[in-house]
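Read the structure below first, then the notes.
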Amino acid sequence: MKKTSVRTRVLTGTVAAAALAAATVGAVSASADTAETPAVAAAAVKADTQNKNLAQTTGLTIEAATRAAQATLDAATKAGQHVSVAVVDRDGVTRVLLKGDGAGPQSPESAQRKAFTAVSWNAPTSELAKRLAQAPNLKDIPGTLFLGGGAPVQSKGAPVAGIGVAGAPSGDLDEQFAQAGVEALSK
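With mature numbering (1 follows the signal peptide of the UniProt record, and there is no 0) as the guide, the letters of the sequence shown map in order to residues -32 to -1, 1 to 155.
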């Protein structure tokens, strides 16, 4: 009979131990599905809902964000303007981006930055642009654009989203179209 080396015996033992461990984990996992599990899960959910460390936020649904963006684009199209529209959530994350037919290549990014700026400061970007005279460093904040065309969407005075428009010949027109999107949410 041939003798096996120590190395071979160690490897064989390790493989056998790993197989045994895998079988044990599988058996424990399979037996975890008992009548007691739903009660434990319900208790965990109850504990989470009462946790004072959780924060709840209000935001637009994707349907509402899309409706606002389309109303904004429709207002611009009716006025004969070729724009891009962005709707961002409270954290500045883009939820909807529409690049209208004929809108310039720079307009989608500008619309996103205007929307981000409006929601970040809970103010129309035309008002924020006026603040640059007192605080010129504001323009250095990444992701912002202090030009007219951004409008915040509010719930009980708090910002929940921002609408940004870019591509019209003036920021005043861009902002007028953004306001049309905000107004569409109240209908």
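Backbone N, C-alpha and C define an ideal beta-carbon position, used for all residues, glycine too.
Neighbour-count burial assignment, residue i, 16 or more Cβ in a 10 Å radius
i      : result
Asp57  : buried
Ser138 : exposed
Thr26  : exposed
Ala136 : buried
Arg81  : buried
Gly48  : exposed
Pro76  : buried
Ser154 : exposed
Ala23  : exposed
Lys67  : buried
Endpoints, the alpha helix (DSSP H) within which residue i is located
i      : result
Leu30  : Here residue 30 turns out to be Ile, not Leu, going by the sequence shown. Run containing Ile30: 30 to 46, per the alpha helix (DSSP H) assignment.
Ser75  : 75 to 89
Thr93  : 93 to 99
Asp140 : 139 to 152
Same chain, Cβ closer than 7 Å to residue i, neighbours up to 5 away in sequence not counted
i      : result
Trp89  : Leu96
Phe114 : Thr85, Thr93, Leu96, Ala97, Leu100, Leu106, Lys107
Ala148 : Ala39, Thr40, Ala43
Ser78  : Leu113, Ala134
Own chain residues within Cβ distance below 8 Å of residue i, not counting five before or after
i      : result
Glu143 : Pro92, Thr93, Ser94, Gly116, Gly117, Gly118, Ala119, Val133
Thr62  : Ala54, Val55, Val56, Gln80, Ala83
Bounding residues of the beta strand (DSSP E) (the contiguous stretch that carries residue i)
i     : result
Lys67 : 62 to 67
Residues that residue i bridges to, as DSSP identifies them
i      : result
Gln122 : Pro127
Ala134 : Ser52
Asp57  : Ala129
Neighbourhood of residue i by C-beta distance below 6 Å, restricted to the same chain and skipping five residues each side
i      : result
Ala86  : Thr93, Gly118, Ala119, Pro120, Gly130
Phe145 : Thr40, Ala43, Ala44, Val133
Asp140 : Gly116
Ala33  : Val55, Arg63, Val64
heavy atom of the ligand ATP below 7 Å from residue i C-beta
i      : result
Pro120 : No copy of the ligand ATP occurs in the structure displayed, which carries no ligand at all.
Checklist entry - Between the stretch 32 to 46 and the stretch 130 to 142, do three or more beta carbon pairs fall short of 8 Å? => result yes
Checklist entry - Three or more beta-carbon pairs under 8 Å between the stretch 42 to 53 and the stretch 70 to 85, yes or no? => result yes
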